[in-house]
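First comes the structure, then the notes that go with it.
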Amino acid sequence: ELDDGLDEAFSRLAESRTNP
Amino acid sequence: PGTGGVIGSFVPPKSVWLHAMKGKGLEISGTFTRRSGAVFMDLNFTNRALQVMSDFAIQFNRNSFGLAPAAPLQILTPLAPNQSTEVSLPLNTVGSVMKMDPLNNLQVAIKNNIDVFYFSVVYTLHILFMEDGKMERQMFLATWKDIPNENEAQFQIRECPPNSDAVSNKLQASNVFTVARRTVDGQDMLYQSIKLTNGIWVLAELRMQPGSPSCAYVELCLKCRAPEVSPFVSQAFEAILKN
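So the protein lines, in turn, are chains R and Z.
The first sequence begins at 23 in my numbering and counts up by one.
The second sequence begins at 89 in my numbering and counts up by one.
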């Protein structure tokens, strides 16, 4: 699977919203 | 038929918009729907007067999203006493715009051979959710970052479907598109986008605890450059999810 960095960016967003 | 599990878009039940007492015998009930990319006002006319009704026509006042009839009201034969007829009036969103209070208020005038009658209705905003409302992921992340925190609104919705798949499927049937999903600390997070007919984008984050009973609630966060629409988008989420 091509990693365009967006998967990681969404993971960071979700993480930052759960544990600000 | 035969496909099981396919969910249609949300259609609120009809309610009475004009009581016979106020309509000199004309009773109108109705609802709004979105079907195949178009908005419809589904109406039921009942003649509770002692005389025949004819020459029906409809007009809207200017409204927040430019809703207007896309065709004349088609009631081709006169309505005899105690007779009812169903009409589906196609609408477009290219009418004159004027901000209403509340935002989803619509003032309607109906005429027949007896008189002209006026009434106000409110519609659920999902009828304005467009079929091409799935935002590209990179654009979503950039837009989310770009919209200031002051434009973020939080809502709680109770009695939702029991898991994020069911929530996502139900919303998608009404053009709320899931762009990404993550699980963090046991919570499911859905990132979703909506495009309104006037081009306004709304971004959503839905947070829910998987495996909770169906009486559980979801936390909804909405980000939008026009934050005055957020409470009405939240109402639409609530109506879709509880339906």
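Heads up, the beta-carbon is just placed ideally off N, CA and C, and yes, glycines get one too.
Quantities reported herein were computed from a predicted structural model and do not represent experimental measurements.
In this structure, the CA atom of residue 212 (chain Z) is about 18 Å from the CA atom of residue 280 (chain Z).
By the criterion of a C-beta distance shorter than 7 Å, residue 222 (chain Z) is surrounded in its chain by 265, 267 and 281, once the five residues flanking it on both sides are discounted. Judged by their CB atoms, residue 133 (chain Z) and residue 172 (chain Z) are nearer to each other than the 9 Å cut-off. Contact of residue 203 (chain Z) with chain R is not assigned, every C-beta pair being separated by 9 Å or more. Per the C-alpha coordinates, the member of Z:139, Z:95 and Z:128 positioned closest to residue 203 (chain Z) is Z:139.
When secondary structure is reduced to three states using DSSP, residue 244 (chain Z) falls in the strand class.
Counting only residues of its own chain and dropping the five nearest sequence neighbours on each side, residue 180 (chain Z) has a CB closer than 7 Å to the CB of 156 and 158. Straight-line measurement puts the Cα of residue 320 (chain Z) at about 12 Å from the Cα of residue 284 (chain Z). When the five nearest sequence neighbours on each side are left out, the beta carbons in the same chain lying within less than 8 Å of the beta carbon of residue 248 (chain Z) are those of 255, 296, 302, 304, 305, 306, 329 and 330, in order along the chain. Shortest Cα-Cα distance from residue 290 (chain Z) to any of Z:195, Z:107 and Z:232 involves Z:232.
For the beta strand (DSSP E) assignment, the uninterrupted runs of no fewer than 3 residues enclosed by the region 198–228 of chain Z are, from N- to C-terminal side, 204–210.
DSSP places residue 34 (chain R) inside the alpha helix (DSSP H), whose first and last residues are 28–40. By the neighbour-count criterion, in which a residue is buried when 16 or more other Cβ atoms sit within 10 angstroms of its Cβ, residue 34 (chain R) is exposed. With a beta-carbon spacing of about 4 Å, residue 177 (chain Z) and residue 129 (chain Z) fall inside the 8 Å limit used to define contacts. Contact of residue 268 (chain Z) with chain R is assigned, a C-beta pair being separated by under 9 Å. The secondary-structure analysis by DSSP pairs residue 115 (chain Z) across a beta bridge with Z:134.
DSSP places residue 156 (chain Z) in the strand class (E or B) of the three-state scheme. Here DSSP, grouped into helix, strand and coil, assigns residue 315 (chain Z) to helix. With the criterion set as a beta carbon lying under 9 Å from some beta carbon of chain Z, the members of the region 28–40 of chain R are 28, 29, 31, 32, 33, 35, 36, 37, 39 and 40, in sequence order. The secondary-structure analysis by DSSP pairs residue 193 (chain Z) across a beta bridge with Z:210. The beta carbon of residue 245 (chain Z) sits closer than 7 Å to those of 305, 306, 308, 325, 326 and 329, all from its chain and outside the five residues before and after it, given in chain order. Put simply, of Z:198, Z:120 and Z:292 the residue whose alpha carbon is nearest the alpha carbon of residue 107 (chain Z) is Z:198. For residue 143 (chain Z), there is no enclosing beta strand (DSSP E), since its DSSP letter is neither H nor E.
In the three-state scheme derived from DSSP, where H, G and I count as helix and E and B as strand, residue 95 (chain Z) is classed as coil.
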